[in-house]
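For the sequence shown, the positions run 6 to 87 when our numbering is used.
So the structure is just underneath, and the comments pick up after that.
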Amino acid sequence: GGVVMDLSEGGDDKFKDAVRVVVERRKASTSMLQTRLGIGYQRAARIIEEMEERGIIGPQNGSKPRDVLISSPEELEELLAE
Numbered sequence: 006g007g008v009v010m011d012l013s014e015g016g017d018d019k020f021k022d023a024v025r026v027v028v029e030r031r032k033a034s035t036s037m038l039q040t041r042l043g044i045g046y047q048r049a050a051r052i053i054e055e056m057e058e059r060g061i062i063g064p065q066n067g068s069k070p071r072d073v074l075i076s077s078p079e080e081l082e083e084l085l086a087e
């Protein structure tokens, strides 16, 4: 079996790093997370899904990067403190 991660419980130590990368770069894609964080596709895709569920990024829009819904560092820190 694969590695099971419960991201809602903060189970992925890369999640906060991923959110920071996405907010700083103003775009979200699995390939960017793979490159920036040195993680595999499955993990990157799971993190992207979790970000969408939490309202950090918008829904998939074809092949375009997703919209980032958090605009300020304050909003980011507030979210990551939860």
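All residues carry an ideal CB built from backbone N, CA and C; glycine is no exception.
Here the structure is a predicted model, which is why all the values come from computation and not from measurement.
> Opposite valine 73 in the DSSP bridges: which residues?
Replying inline: As a first step, residue 73 is located in the sequence shown; it is residue number 68 there, counting from the start. As computed with DSSP, valine 73 is found in a beta bridge with Ile62.
> What does DSSP give as the partner residues of alanine 33 in its beta bridges?
Replying inline: Numbered from 1 along the sequence shown, position 28 holds the residue referred to as residue 33. Beta-bridge pairing links alanine 33 to Arg71.
> What is the rounded straight-line gap between the Cα of glycine 63 and the Cα of lysine 32?
Replying inline: Position 58 of the sequence shown holds residue 63. Position 27 of the sequence shown holds residue 32. Each residue's alpha carbon lies about 10 Å from the other.
> Can you find at least 3 beta carbon pairs, one from the region 69 to 87 and one from the region 21 to 39, that sit closer than 8 Å?
Replying inline: The region 21 to 39 and the region 69 to 87 touch, with three or more beta-carbon pairs separated by less than 8 Å.
> Tell me which same chain residues have a C-beta within less than 8 Å of the C-beta of serine 34, skipping the five on either side of it?
Replying inline: Stepping through the sequence shown from its first residue, residue 34 is reached at position 29. The beta carbon of serine 34 is closer than 8 Å to those of Ile53, Pro70, Arg71 in its chain, skipping five residues each way along the sequence.
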